[in-house]
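Visitor: The structure's right below; bear with me while I get my questions together.
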Amino acid sequence: MIKCIAIDDEFLALEIIENYVSKCPFLELTATFSSPLEALPMLNRGGCDLLFLDINMPEVNGMDFLSAIPAPPLVVLTTAYPQYALAGFEAGVVDYLVKPFSFERFLKAIQKAQSRLVPRMESGPQYLFVRSAHKMIRVDLDGILMLEGKKDYVAVHTQSKVIDTLTTLTAFQDKLPVKDFVRVHRSFIVALNKINAIERNIIYIDEKKVPVGEMFREDLLRRIG
Numbered sequence: 001m002i003k004c005i006a007i008d009d010e011f012l013a014l015e016i017i018e019n020y021v022s023k024c025p026f027l028e029l030t031a032t033f034s035s036p037l038e039a040l041p042m043l044n045r046g047g048c049d050l051l052f053l054d055i056n057m058p059e060v061n062g063m064d065f066l067s068a069i070p071a072p073p074l075v076v077l078t079t080a081y082p083q084y085a086l087a088g089f090e091a092g093v094v095d096y097l098v099k100p101f102s103f104e105r106f107l108k109a110i111q112k113a114q115s116r117l118v119p120r121m122e123s124g125p126q127y128l129f130v131r132s133a134h135k136m137i138r139v140d141l142d143g144i145l146m147l148e149g150k151k152d153y154v155a156v157h158t159q160s161k162v163i164d165t166l167t168t169l170t171a172f173q174d175k176l177p178v179k180d181f182v183r184v185h186r187s188f189i190v191a192l193n194k195i196n197a198i199e200r201n202i203i204y205i206d207e208k209k210v211p212v213g214e215m216f217r218e219d220l221l222r223r224i225g
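For what it's worth, full-length UniProt numbering labels the leading residue of the sequence shown as 1, then goes sequentially.
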């Protein structure tokens, strides 16, 4: 069961999503919001797997709102404005639905989300290929200590080296098995089995210190038991 929420300032748009979700027995629409700010507490608690998000809303632009979520779920953008598509995919969204969209097109977006959620919810891959400069480099997941989000790239810290790859931390997070990795800060994801110690808001991994953001602390403590 994939838990979803929808954010849109138009009632009719929310009604259409609710209707489409009701046709899919593997989807559960847990909440709908006309305001992004009202949805923020649920998103910060990790209350859903998939977010349907409008872009042009009066309180806050959907793209700006997405960038403000510390650990966003998978996102399908729903908008009447196709010009945001490139920015959406660069932000790591699953799909981009231009209103009005059919149920068939909606279903294709859901299938894309499922293909990402399966490795996150189950065992996940044993390795990834990341692009660095002009090469595709294989990185064994068991060798990753942590991932550090920089301004324009992600630094993958392994036991033997650091690999810089031009992507976002959220996009990288979607590829990692959720049982093995946890986001602990806006700029850091760590491998759970590589944590040596935690002292207040600092994680120790080998000789490195990783800060723990307040918004991520509760999830981290739950994950380590």
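Glycine included, C-beta positions come from ideal geometry on N, C-alpha and C. These numbers were taken from a predicted model, which means no experiment stands behind them.
Excluding the 5 residues preceding and the 5 following ILE17 in the sequence, name in chain order all residues of the same chain whose CB lies nearer than 6 Å to its CB.
Guide: So the list reads ALA6 and PHE52, once near-sequence residues are dropped.
Visitor: Please report how far the alpha carbon of PHE172 lies from the alpha carbon of ALA13, in whole angstroms.
Guide: Straight-line Cα distance between these residues: approximately 30 Å.
Visitor: Can you check whether the C-beta of VAL75 is within less than 8 Å of a C-beta belonging to chain D?
Guide: No chain D appears in this structure, which consists of one protein chain only.
Visitor: Run the CB neighbour count on VAL162, radius 10 Å, all protein chains shown included, and call it buried at 16 or more, exposed below.
Guide: That one is exposed.
Visitor: Taking 8 Å as the cut-off, decide whether the C-beta atoms of GLU28 and MET63 are in contact.
Guide: Not closer than 8 Å, so no.
Visitor: Should the region 128-136 be regarded as contacting the region 104-112, the criterion being three or more beta carbon pairs within less than 8 Å?
Guide: With a cut-off of 8 Å, the region 104-112 and the region 128-136 do not count as touching, because too few Cβ pairs lie within range.
Visitor: Restricting to runs no shorter than 3 residues, where is the beta strand (DSSP E) found entirely within the region 164-208?
Guide: Within the region 164-208, the complete beta strand (DSSP E) runs of at least 3 residues are 181-185, 188-191, 197-199 and 202-205.
Visitor: Pairing CB atoms from the region 183-195 with CB atoms from the region 136-151, are three or more of them under 8 Å?
Guide: Enough Cβ pairs lie closer than 8 Å, so yes.
Visitor: Are TYR127 and ASP140 closer than 8 Å when you measure CB to CB?
Guide: It is a contact, given that the beta carbons lie within the stated cut-off.
Visitor: Mapping the DSSP letters down to three states, classify PRO36 as helix, strand or coil.
Guide: DSSP places PRO36 in helix when its eight states are reduced to three.
Visitor: Assuming ASP54 and LEU74 form a contact by the criterion Cβ under 8 Å, report the distance between their Cβ atoms to the nearest whole angstrom.
Guide: Not quite, the Cβ-Cβ distance comes to about 16 Å (not below 8 Å), so this is no contact.
Visitor: So does THR79 have its beta carbon nearer than 7 Å to some heavy atom of the ligand SAH?
Guide: The ligand content of the structure shown is nil, which means the ligand SAH is not present either.
Visitor: Give the straight-line distance between the Cα atoms of THR78 and GLU38, rounded to the nearest whole angstrom.
Guide: In a straight line, the C-alpha of THR78 is about 18 Å away from that of GLU38.
Visitor: Using a Cβ-Cβ cut-off of 6 Å (strictly less than) and excluding sequence neighbours within five positions of PRO70, which residues of its own chain qualify?
Guide: Answer for PRO70: ARG186 and MET215, listed in chain order.
Visitor: Using the beta-carbon count (16 or more within 10 Å), is PHE181 buried or exposed?
Guide: Answer is buried; the Cβ neighbour count reaches 16.
Visitor: Is the distance from the Cβ of LEU220 to the Cβ of VAL178 below 8 Å?
Guide: For LEU220 and VAL178, no; Cβs fall outside 8 Å.
Visitor: Could you please give me the residues that DSSP links to PHE129 through a beta bridge?
Guide: Answer by DSSP bridge pairing, in chain order: ARG138.
Visitor: Under the DSSP definition of a beta bridge, which residues are partnered with PHE216?
Guide: Bridge partners of PHE216: none, in fact.
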